[in-house]
Amino acid sequence: MKSLFSNIHLLLLTVPVFWGTSYVAAKIGMQDLLPLNLVIVRFIIASLLFSLILLLKKKEVILIRKMFLSFSYLV
1212 MKSLFSNIHL
1222 LLLTVPVFWG
1232 TSYVAAKIGM
1242 QDLLPLNLVI
1252 VRFIIASLLF
1262 SLILLLKKKE
1272 VILIRKMFLS
1282 FSYLV
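FYI, the numbering for the sequence shown is 1212 to 1286, going by the working numbering.
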């Protein structure tokens, strides 16, 4: 598998594409969905994508209770 930095130009091109299409997607989504529903769909898509990345990288996710409790005040 190639290093992440060998594909850096491809990654740098995808950032503005996703960033630019997010405004179009938000405008289209706001016509059909309520804002809360749009946020829920957005988080579901993001969590599925990040789960796929974790599965492909085969990295183990370690949840540390102390770390979880330190960020729980944000909720």
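For glycine and all other residues, C-beta sits at the position ideal for the given N, C-alpha and C.
Kindly indicate which three-state DSSP category residue i falls into: helix, strand or coil?
| i | result |
| --- | --- |
| residue 1219 | helix |
| residue 1239 | helix |
| residue 1264 | helix |
| residue 1269 | coil |
| residue 1244 | coil |
Within its chain, find whatever has a CB closer than 7 angstroms to the CB of residue i; leave out the 5 residues flanking it on each side and keep chain order.
| i | result |
| --- | --- |
| residue 1266 | none |
Measuring alpha carbon to alpha carbon, tell me which of the options ends up nearest residue i.
| i | options | result |
| --- | --- | --- |
| residue 1236 | 1259, 1252, 1221 | 1252 |
Are the beta-carbon atoms of residue i and residue j separated by less than 8 angstroms?
| i | j | result |
| --- | --- | --- |
| residue 1247 | residue 1241 | no |
Near residue i, what residues of its chain come up, given a Cβ to Cβ distance below 6 angstroms and the 5 sequence neighbours on each side ignored?
| i | result |
| --- | --- |
| residue 1227 | none |
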